[in-house]
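Protein chains: 2
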Amino acid sequence: MRHLADQIQTMKDFGFKVTHQRLVVLDYLQRSKEHPCVEKIYNDLKERYPTLSLATIYNTLEMLEKTGLVKDIGAPEERRRFDGIMTEHSHFFCTKCGKIEDLVISDKGHLMEAARNNGRSVDRLRLDFFGLCKDCQVEEKTVQES
Amino acid sequence: MRHLADQIQTMKDFGFKVTHQRLVVLDYLQRSKEHPCVEKIYNDLKERYPTLSLATIYNTLEMLEKTGLVKDIGAPEERRRFDGIMTEHSHFFCTKCGKIEDLVISDKGHLMEAARNNGRSVDRLRLDFFGLCKDCQVEEKTVQES
DNA sequence: ATCCGAAATTATAATATTTGTCAATAAACA
DNA sequence: TGTTTATTGACAAATATTATAATTTCGGAT
Numbered sequence: 003m004r005h006l007a008d009q010i011q012t013m014k015d016f017g018f019k020v021t022h023q024r025l026v027v028l029d030y031l032q033r034s035k036e037h038p039c040v041e042k043i044y045n046d047l048k049e050r051y052p053t054l055s056l057a058t059i060y061n062t063l064e065m066l067e068k069t070g071l072v073k074d075i076g077a078p079e080e081r082r083r084f085d086g087i088m089t090e091h092s093h094f095f096c097t098k099c100g101k102i103e104d105l106v107i108s109d110k111g112h113l114m115e116a117a118r119n120n121g122r123s124v125d126r127l128r129l130d131f132f133g134l135c136k137d138c139q140v141e142e143k144t145v146q147e148s
Numbered sequence: 003m004r005h006l007a008d009q010i011q012t013m014k015d016f017g018f019k020v021t022h023q024r025l026v027v028l029d030y031l032q033r034s035k036e037h038p039c040v041e042k043i044y045n046d047l048k049e050r051y052p053t054l055s056l057a058t059i060y061n062t063l064e065m066l067e068k069t070g071l072v073k074d075i076g077a078p079e080e081r082r083r084f085d086g087i088m089t090e091h092s093h094f095f096c097t098k099c100g101k102i103e104d105l106v107i108s109d110k111g112h113l114m115e116a117a118r119n120n121g122r123s124v125d126r127l128r129l130d131f132f133g134l135c136k137d138c139q140v141e142e143k144t145v146q147e148s
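Those protein sequence lines, which keep their order, are chains A and B.
Okay, so the first sequence: first residue is 3 according to the numbering used here, each after it adds one.
Okay, so the second sequence: first residue is 3 according to the numbering used here, each after it adds one.
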């Protein structure tokens, strides 16, 4: 799912119409690296597209999630945040500065296998890490030393 | 952290007062197996304690989270849900019926290790599984066969 | 055991977040 | 191009969460 044409086709396959707004939100999320929340998406896009409605952002996100073009990363204790990069990856949440970094963890097969018992089927797993990012880690050390 | 006395001590250690309401919410969450949301906690407890306020539930949950007596499991696309069982475990979300099951996955060390590079420190990981639970799995099969 | 100050609870108001309504508009397709 | 139908945008409504102020309770010191 790399090319615009494919993404347009996906929307059509699901029976959704391909609108300017939908492409704008999708493009925004695919370019962004900060896993923005609804409000951020809205505010950023409103500068360029002043008539854009907040409800449209919500509707569009719901539609993009259904088609698998975008996902809600389920950040804890915060507002919903979205990711337009659909290649398999995990997230690292810095508990100090709030930054969210992408992380590729291979070899998840045995985890899936471990969960797949007692009659369950497992489609997908979410693996999130929490701790201090590089910058905050450095700060902590500096504080301790001083 | 098994005994009431320990939990009371934990609250005191953090400088929080030990109130009836806090113990009631904590006890409720430790007994519950359904990872209830704020509203469910409030409604269930209000039967027994009619003067209990919704704001108290929010405040208490925030306080219990800070002391590590309870955690927000970060269920996706839903309201916040809480868990009073603090032994290390993962969650399985049935994508059909919405049930949340507990799951113990051992051997997470190498995952932590994999994330711990580029200057990061990792305190904790969240590992959630998504799929169909035993009951929904059976239903799917039945539908397909018929 | 009783009193005092700080903190927590309650009830309510305010805010924030998300969803619904519906006329106007734009996309798909003949 | 015209017709059909889904989507948009503005606003209203519903939910969820947080803030405020008066009262009550906790916990330490009498």
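Glycine included, every Cβ here is placed at the ideal spot set by N, Cα and C.
From a predicted model like this one, the values you see are computed outputs, not experimental measurements.
For residue i, which residues in chain B fall below 8 Å Cβ to Cβ?
i	result
residue 72 of chain A	The contacting residues do not exist; residue 72 of chain A stays about 13 Å from chain B at best.
Is it right to say residue i is buried, meaning 16 or more other beta carbons lie within 10 angstroms of its own, or is it exposed?
i	result
residue 70 of chain B	exposed
residue 24 of chain B	buried
residue 99 of chain A	exposed
residue 9 of chain A	buried
residue 85 of chain B	buried
residue 148 of chain B	Bear in mind that the predicted position of residue 148 of chain B carries a pLDDT of just 49, short of 50, making it too unreliable to give a figure here.
residue 17 of chain B	exposed
residue 93 of chain A	buried
residue 56 of chain A	exposed
residue 22 of chain B	exposed
residue 6 of chain B	exposed
residue 37 of chain A	buried
residue 88 of chain B	exposed
Just to check my reading of the structure: residue i and residue j have Cβ atoms closer than 8 Å, yes? What is that Cβ distance to the nearest angstrom?
i	j	result
residue 134 of chain B	residue 122 of chain A	7 Å
residue 124 of chain B	residue 131 of chain A	5 Å
Could you tell me which chain A residues have their CB closer than 9 Å to the CB of residue i, listed as they occur along the chain?
i	result
residue 124 of chain B	94, 131, 132, 133, 134
Please compile the residues from chain B whose C-beta is within a distance smaller than 9 Å of the C-beta of residue i.
i	result
residue 31 of chain A	Going along chain B, no residue has its Cβ under 9 Å from residue 31 of chain A, so there is no contact; the nearest lies around 16 Å.
residue 107 of chain A	113, 116, 117
Can you pull the chain A neighbours of residue i, defined as C-beta to C-beta under 8 Å?
i	result
residue 139 of chain B	121, 122, 123
residue 127 of chain B	129, 130, 131, 132
Going along chain A, which residues have a C-beta under 7 Å from residue i?
i	result
residue 83 of chain B	The premise fails here: residue 83 of chain B is roughly 11 Å from chain A at the closest Cβ pair, so nothing lies under 7 Å.
TODO: Could you tell me which uninterrupted alpha helix (DSSP H) segments, each at least 4 residues in length, are contained entirely in the region 20–88 of chain B, listed from first to last along the chain?
DONE: 22–33, 40–50, 56–68
Open item on the list: Can you confirm whether the region 92–108 of chain B touches the region 45–54 of chain B when touching is taken to mean that 3 or more C-beta pairs between the two stretches lie within less than 8 Å?
Closed with: no
Open item on the list: My parser needs the alpha helix (DSSP H) runs of 4 or more residues fully inside the region 108–145 of chain A; what are they?
Closed with: 111–117
Open item on the list: Closer than 8 Å is the cut-off here; do at least three beta carbon pairs connect the region 111–118 of chain A with the region 54–68 of chain A?
Closed with: no
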